Structure formats: C-alpha cells, structure tokens
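Okay, so here's the structure we're looking at.
In the working numbering, the protein residues as written are 4 to 176.
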C-alpha cells in the first residue's frame, strides 16, 4: 500500500507489525491513539495466528508479559484486515487449513484454547473477534491480506478503494 502511494493520497499512518508486535510498536500505537486521538486500524490476514497472537497482542498486550500491558497496548485499535464476509463479497482466493501441518494445527488448537480460557476473547467487547476465531475453527479456511490485490487486477487502486470503503462503512472489528 505504501509503495502504491496510499499514504500520499490519504492522511494516514500505516502500521505493519511484521509478526507479533514488539513493545515499541505497541507503545507507539498507544501513543498515537492517546495523544493524537485518531483511529488506528490493523490490516492483516484472516487466520487464527493473526487473530489470537498478532492482533490480540497489539490490542491487549502480551499474555505472557511481566511488564504493564496498559502501557504497551492499544485497546481502541480496530481489525480492518480480511474478514470472513470479505471472502464472499470480493470473491477472494482463500485456502483450507491443513490440520496435518504442525504449525496450522497448533494455531487451531491455540484458537480453541483462547476461546475457552483467554479473558480477552471472553470479554463481550471482543465478541466480534471471538466470532471470527469461531468461524476460522469451524470452516478451517484462511485468507491473506494480499488477496485484495486479486480483485480487479486491472485497477491497481482497487485494494485501496476496498480499504477506504471498509473504513467508511464500518466494516471492521
């Protein structure tokens, strides 16, 4: 998105966690939220690992951290990434989760455990995220954020248009 000029056309800060966000990324996002009071959106893949590890850590802090999570979490950040309904709406290419793949099997097991035991996913404020995890477990599907680039490939701005539409219509969790 940055390479296509998204940030030149829209007054936004794009945040890429590149895996589970570090304390620095989480602290910076919290500072933006608290000081600038602007909406923060996370754009990521639709898969169990992203939801339960990457996004959960950005929003609520690390479950295993010994430091104060309130200083290193951005509770108002919204998940703007690929949602289950986007797969059908935009005819996005998705693929099945292979339970015989150790990493994917572990992610599904952790997702089930998170739904049963993690207070974050039991909190009614995070019902939308819990519903996504349930969908991922039930359907055993995943979709990468890059799938948006397959929508009308002749229009290089299509992913940008989709993201702007999702923000305007509130299609995020």
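Note that CB positions come from ideal geometry on N, CA and C, so glycine has one too.
These numbers come from a predicted model, not from an experiment.
For the pair residue 18 and residue 102, the Cα-to-Cα distance works out to about 31 Å. Cβ neighbours of residue 52 within its own chain (closer than 6 Å, five residues either side excluded): 110. The straight-line gap separating the alpha-carbon atoms of residue 62 and residue 72 is approximately 10 Å. For residue 132, the enclosing alpha helix (DSSP H) covers residues 130-142. When DSSP states are grouped into helix, strand and coil, residue 99 belongs to the strand group. In this chain, the alpha helix (DSSP H) harbouring residue 28 covers 26-34. Put simply, the backbone Cα of residue 127 is about 37 Å away from that of residue 11.
If you draw a straight line from the Cα of residue 37 to the Cα of residue 125, it comes to about 25 Å. Cα atoms of residue 9 and residue 115: separation of roughly 36 Å, rounded to the nearest angstrom. Scanning its chain for C-beta atoms nearer than 8 Å, with the 5 sequence neighbours on each side dropped, one finds around residue 29 the residues 60, 61, 64, 75, 76 and 77, in chain order.
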